[in-house]
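As you go down the protein sequences, you meet chains S and L in turn. The first sequence begins at 1 in our numbering and counts up by one. The second sequence begins at 1001 in our numbering and counts up by one. Here's the structure we're looking at; comments come further down.
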Amino acid sequence: MTRLLRGLWLERQARWGLVLVAALCGLAVLAPWIAPYDPAAQLDLAQGQYLAPSTLHPFGTDFYSRDLLSRVLYGARISLSIAFLSVLVSITVGTAVGMTAGLAGGAVDRLLMRGVDAALAVPRVFLLLVVVALWEGVSVTGLIVVLGLTSWFGTSRIVRAEVLSLRQRTYITAARALGIGPRRLALRHLLPNLAAPVIVAATLGIGQIILIEASLSYLGVGVPPPTPSWGSIIQEGQQALAVAPWVATFPGLAIVATVIGFSLLGDGLRDTLDPTTR
Amino acid sequence: MIVFLVATLTFVLLQVAPGDPLTRASEITLVPQQVLEQQRRNFGLDRPVHVQYARYLANVARGDFGYSFREHRPAAAAIAERIPNTLLLAAAALVITFALGILIGALQATRRGSAADELLSLTSLTLYSMPVFWLGVMLLLLFGVTLGWFPAGGVVDDAIYPYLSPLGRLGNRLHHLILPAVTLGAVGAAATARYQRAAMLDVVGQDFVRTARAKGLRERAVFFRHALRNALLPVITLFGLFFPLLLSGSVLVETVFAWPGIGKLAVDAIHGRDYAVVTAVAIIAAIMVVVGNLLADLLYRLADPRTREAQ
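As structure tokens, then:
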């Protein structure tokens, strides 16, 4: 672990990614203590609407006179937790499917990979729109499950390819020759060697899910309204673009910073974990 | 094949979802229970699942995607009306994606390691990490609201459009098209530039480029005729990859700019609980992706003589 961190620190871009991600996660965790106001408090509906950024409200206020900085900070909590948990779901399913396909081979493999191809052909936002439309009023938990279950396709392909190449290695043949059963072989010998590509896919996946969750929330079908989410704040901000441009601007900057952070970190992890790409 | 699987997927989703099409529709229209039962029999919703599945597939194959309760007409009709707008936007975005991406990527490759190269790489990364709808909102803020150069949304100015000359109409359309198309094309352009840069650097190091130089060709001829042409091949494969991205993006961009295409239709349909339209749009989108992939294959065959001979 320390070796991994040192390796990351030595790469310029990965270092930036690490710093950004750590800072954002810190802000998200500490939001209740650093946020200057309650994100839902309507401070002064008469005179506090759409106040421009000032020392009192560094990011300004919105239509309901709520403090935007506090809302963006709490939005980080929501967006990051949704992203982390969804990725957990997606890499679990993706690894399971990929390993099954790679180990079983034959008809099972063809069936699974055909299904993955089909799923990848549907533009993701449309697929999510169908699901969210049919189960109207999705809760945050529901959203996590739905996002997780619609984003494992790429991971399963990577894992399958990795399993196919690992299967040819001598140590697997040796393990087979020793009479180790298929379950033990998969869990004890294959799985640990899959960790590197899966961790990279997960890190890059977090950034992607943050973008998709923001998109859904922007369209009004993501995180339900009273909860501040970056996407829905931008949607509210677009209504008042001429009056209060800051409302749409700041949450967007937060999204960009987060996604850049995770992709730099992901790329860095790939380079550090897999010496062959260096 | 893929379209069939997608249709199956939506059917499964429709089956698993709570309620059936009629209970969902009746939430808006308040129909008595007996009528509902009667209708359910009429629509065959009381039949076993496999019978319903076969009928659903047959309907989709015939282009029948169900009835839109919100627009009081078949879902297919509502979609057919909106498709030209989405195609126009997507085509414009594709042009921007490739024209800009190839140009920038090639330029970066010739000035590798320079400050301009670094800056452009950073811009690509930022664009790549940006939600497309936010880019749209920010462009709208800058060029629409602050500078007032472009209209805030829509396809044409409804108020003056009928009175314009043909040329004026074209101008009006273009004027409305630019911001959404740039928004939708920008992310793709960033990705293309990255690929183009890498492909150029790869090609420039190869023997035939050195030969071209050794023949005493001018640097411009080497660049355009030899390096750029060969470096285009990997970029063409991106064409197929961009299709799903482009359609997902169009849902958002159409919403930002109030552009009446199928993406906006799907979002409006969700808010109006018009499920036939939502699922129909998803299937249509999948068909468009498949067609896009075919196009990409054809293009590749045109561009690379080697694949032509191999056939």
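Virtual Cβ for every residue (Gly too), placed ideally from N, Cα, C. Bear in mind that the values here come from a model prediction, so they are computed numbers and not experimental data.
query	result
Please check if any C-beta of chain S sits within less than 8 Å of the C-beta of H1271 (chain L).	yes
Could you compute how far the alpha carbon of L1232 (chain L) sits from the alpha carbon of E11 (chain S)?	31 Å
Helix, strand or coil for Y1067 (chain L) per DSSP?	strand
Are the CB atoms of A201 (chain S) and I158 (chain S) within a distance shorter than 8 Å?	yes
Would you call the region 1054 to 1070 of chain L in contact with the region 1262 to 1280 of chain L, where contact means no fewer than 3 C-beta pairs closer than 8 Å?	yes
Quick one: is Q1311 (chain L) near chain S, going by C-beta distance under 8 Å?	For Q1311 (chain L), the predicted structure reports a pLDDT of 47, less than 50, and the residue's modelled location is therefore unreliable. A value from the coordinates is still provided. With 8 Å as the cut-off, Q1311 (chain L) does not count as an interface residue toward chain S.
Quick check on DSSP: helix, strand or coil for T1008 (chain L)?	helix
Contact criterion: CB-CB distance below 8 Å. Does V221 (chain S) meet it with respect to chain L?	yes
How about V221 (chain S) and I78 (chain S): are their beta carbons less than 8 Å apart?	no
Can you find a C-beta in chain S that's less than 8 Å from the C-beta of Y1275 (chain L)?	yes
Just to confirm, are V72 (chain S) and A254 (chain S) a CB contact at a threshold of 8 Å?	yes
Look up R1073 (chain L) in the DSSP assignment and say whether it is helix, strand or coil.	strand
Please list the terminal residues of the continuous alpha helix (DSSP H) segment that includes I1178 (chain L).	1166 to 1204
Applying a beta-carbon distance threshold of less than 9 Å, which residues of chain S neighbour A1282 (chain L)?	V122, P123, F126, L127, L129, V130
List, in order along the chain, the chain L residues whose C-beta lies closer than 7 Å to that of P245 (chain S)?	L1141
If you run the structure through DSSP and keep just helix, strand and coil, what is T55 (chain S)?	coil
Are there any heavy atoms of the ligand SAH lying less than 7 Å away from the beta-carbon of G1261 (chain L), as far as the coordinates show?	No copy of the ligand SAH occurs in the structure displayed, which carries no ligand at all.
So which of L:E1071, L:T1008, L:G1144, L:V1012 has the shortest CA-CA distance to A242 (chain S)?	L:G1144
Could you list which residues in chain S have their beta carbon closer than 8 Å to that of V1137 (chain L), in chain order?	I234, G237, Q238, L241, A248, G252
If we cut at 8 Å on Cβ distances, does S217 (chain S) have a partner in chain L?	no
Judging by CA-CA distance, which residue of L:F1257, L:L1009, L:F1011 is the nearest neighbour of L1140 (chain L)?	L:F1257
Please list the partners that T1237 (chain L) has in chain S, where partner means a Cβ-to-Cβ separation under 8 Å.	Under the 8 Å cutoff, chain S gives no residues; its nearest Cβ is about 15 Å from T1237 (chain L).
For G1105 (chain L), which residues of its own chain have a beta-carbon under 6 Å away from its beta-carbon, when the five flanking residues on both sides are left out?	A1193, Q1196, R1197
Would you mind stating whether L1135 (chain L) and S1250 (chain L) have Cβ atoms separated by less than 8 Å?	no
Of all the CB atoms in chain S, is at least one closer than 8 Å to the CB of L1299 (chain L)?	no
Under the three-state reduction of DSSP, which class applies to D267 (chain S): helix, strand or coil?	helix
Could you tell me whether any Cβ in chain L is nearer than 8 Å to the Cβ of V256 (chain S)?	yes
For the 8 Å Cβ check, are there 3 or more pairs between the region 1085 to 1099 of chain L and the region 1173 to 1183 of chain L?	yes
Can you list the residues of chain L that A214 (chain S) reaches, using a CB-CB cut of under 7 Å?	P1131
Apart from the five residues just before and just after G231 (chain S), which ones in its own chain have a Cβ nearer than 7 Å to its Cβ?	E213, A214, S215, L216, S217, Y218, G222
To the nearest angstrom, how far is it from the Cα of A1199 (chain L) to the Cα of A1109 (chain L)?	9 Å
Throw me the rounded Cβ distance for the V1289 (chain L) and L1247 (chain L) pair, which I believe falls under 8 Å.	7 Å
Is the distance from the Cβ of G1261 (chain L) to the Cβ of R1082 (chain L) below 8 Å?	yes
Using a Cβ-Cβ distance cut-off of 8 Å, determine whether A259 (chain S) contacts chain L.	The question names Ala, but residue 259 (chain S) in the sequence shown is Val. At least one chain L Cβ lies under 8 Å of V259 (chain S).
Measuring straight from C-alpha to C-alpha, what distance separates A1212 (chain L) and I1283 (chain L)?	49 Å
Can you give the Cα-Cα distance for R188 (chain S) and Y171 (chain S), rounded to whole angstroms?	12 Å
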